[in-house]
Amino acid sequence: MKIVLHNIKIKDLINGYKNNEENGVVGYGGKLDIRPPFQREFVYKGDEKPAVIDTVLKGYPLNIMYWADNGDGTFEIIDGQQRTMSICEYAGLIGDNGEATGSFAYQKKYYHNLTSEEKQKILQYELMVYFCTGTEREKLDWFKVVNIGGKKLSNQELRNAIYCGSWVSDAKRNFSKTKCRASQRGENYLTGSAITQDYLETAIKWACNSKEDDDICDYMARNQHNTSAEPLWKYFEAVIDWVQKVFTIYRPEMKGIEWGFLYNTYKDGAYNVEEMEQRVKALMEDEDVVKKSGIYEYILTGDPKHLQLRAFSEKTKREVFEMQDGICVKCQKTFTIERMQADHIEPWSGGGKTTKDNCQLLCAGCNRVKSNK
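Residue numbers (the working numbering): 61 to 433.
Take a look at the structure:
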């Protein structure tokens with residue numbers, strides 16, 4: 061990786077600035093891709109954009125920016141997109157009259173309200189920019205190095221940089237925009253944000269049936285040069301359709317469950333949806349079930365670990381220990397309380413509750429044997 065420091069004047073940065081849905085966001089005479097595939101939508105809000113202009117007008121240094129040199133005279137921003145967008149949106153927009161204007165005000169002044177001296181102070185301000193050249197993998201490593209402050213790039217944003225192309229662009233259309241199809245169709249079942257690529261990452265994880273970075277990257281590598289990401293969207297839609305068919309009543313606990321992994325394993329099962337709803341309702345009302353969101357996985361898998369069942373309190377454990385005189389009810393040997401474990405006499409799966417009258421203390425060995433049966 062070769063890294064060279066350059067001083068770039070704002071007047072050169074904003075030259076040819078354009079921001080539209082069809083052609084993307086460009087500047088620096090059309091040579092700089094300000095929003096490459098791995099970048100998120102512009103997210104500076106409130107006082108953050110004017111603060112950038114305040115720094116420039118006061119002559120204070122902005123943080124160093126990083127551009128990837130593509131080797132053909134073009135560049136893409138690695139780090140510094142939001143500062144760049146703030147500058148370009150203030151001083152680089154051209155109005156219908158051909159004069160520079162701005163999309164926001166600084167101290168109640170738009171760019172065209174500034175004095176000639178103030179305008180020149182902005183235009184002649186020099187930004188410190190590192191030009192970085194290297195392979196795609198080296199570029200990804202560098203993204204991770206410089207992505208240490210401000211609004212960090214997510215893992216999926218970093219992957220988008222490596223496997224950029226027609227497939228990523230089309231996938232982002234469905235999963236990575238405000239009010240995108242994924243937001244409208246499955247927002248109630250997803251955590252994170254479309255803009256920070258969480259929805260896209262989730263869909264890919266589900267589609268490749270893995271949370272491992274290597275598997276996600278392999279999926280993206282295989283699809284990188286496909287013109288359409290519609291199969292991924294169709295798969296995502298099928299997951300949401302299946303969830304809504306099997307669990308007919310939506311509850312907030314359904315948000316954030318790894319539905320795609322469950323779909324991959326259980327989509328072909330025959331389910332009595334009315335009975336499923338009755339079981340969900342009963343478990344929601346069961347005070348021994350600590351993790352209510354685990355109910356859905358438990359119903360499908362039958363594994364109670366998803367429920368994080370309520371444990372006996374230390375108070376109950378102490379009282380039962382005294383009642384048993386420290387003797388394990390199975391092997392009849394005496395132990396200290398630290399070496400004993402509270403156990404349900406009647407298992408929770410058989411209707412037993414986590415109450416004192418259903419508690420017994422076993423030594424660790426006996427409890428392990430009982431659990432394995």
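For each residue, glycine too, the CB sits at the ideal point set by N, CA and C.
Fair warning: this is a prediction, and the values are worked out from it, not measured in the lab.
- Scanning Ala330, Asp230 and Leu322 for the CA closest to the CA of Thr287 turns up Asp230.
- Take Glu357, set aside five residues on each side of it, and the residues of its chain with a beta-carbon closer than 6 Å to its own are His366, in chain order.
- Comparing alpha-carbon positions, the option among Arg219, Tyr331, Leu117 and Ala128 lying closest to Lys169 turns out to be Leu117.
- Counting along the chain, the unbroken alpha helix (DSSP H) around Lys232 starts and ends at Ser226 to Phe235.
- Gly152 and Tyr77 have their C-alpha atoms roughly 6 Å apart.
- In terms of Cβ geometry, Asn248 and Tyr295 do not form a close pair [threshold 8 Å].
- Excluding sequence positions up to five before and after Arg339, its CB lies within less than 7 Å of the CB of Ile359, all in the same chain and listed in chain order.
- In the displayed model, Cys192 falls within a strand according to three-state DSSP.
- Annotation for Phe321: the continuous alpha helix (DSSP H) segment containing it runs Trp319 to Tyr326.
- Sixteen is the threshold: when 16 or more other Cβ atoms of the shown chains lie within 10 Å of the Cβ of Leu73, as they do, the residue is buried.
- In the structure shown, Gly155 adopts coil according to DSSP, grouped into three states.
- Contact between the segment 148 to 165 and the segment 122 to 132 is absent, with fewer than three C-beta pairs closer than 8 Å.
- In the three-state scheme derived from DSSP, where H, G and I count as helix and E and B as strand, Leu369 is classed as coil.
- Leaving aside the five residues that flank Lys305 on each side, the residues in its chain whose CB is nearer than 8 Å to its CB run, in chain order, Val333.
- For Asn67, the enclosing beta strand (DSSP E) stretches over residues Lys62 to Lys69.
- Per the coordinates, the alpha-carbon of Glu345 lies some 56 Å from the alpha-carbon of Asp114.
- The beta carbon of Arg95 is closer than 7 Å to those of Gly84, Val85 and Gln141 in its chain, skipping five residues each way along the sequence.
- In its chain, beyond the 5 residues on either side, Leu187 and Val189 have a beta carbon closer than 6 Å to the beta carbon of Ile68.
- Counted as a single uninterrupted DSSP element, the beta strand (DSSP E) harbouring Ile137 occupies residues Phe135 to Asp139.
- His172 carries a helical assignment under DSSP once its states are collapsed to helix, strand and coil.
- In this structure, the alpha-carbon of Gly354 lies about 52 Å from that of Leu65.
- The Cβ atoms of Thr134 and Lys71 lie no closer than 8 Å to each other.
- Membership of Asn79 in the beta strand (DSSP E) is indicated by the continuous run Lys78 to Asn80.
- In the structure shown, Asp275 adopts helical secondary structure according to DSSP, grouped into three states.
- Beta-bridge annotation (DSSP): Asp258 is not paired with any residue.
- C-alpha of Thr175 to C-alpha of Tyr150: approximately 14 Å in a straight line.
- DSSP places Leu122 outside any alpha helix (DSSP H), giving it a letter other than H or E.
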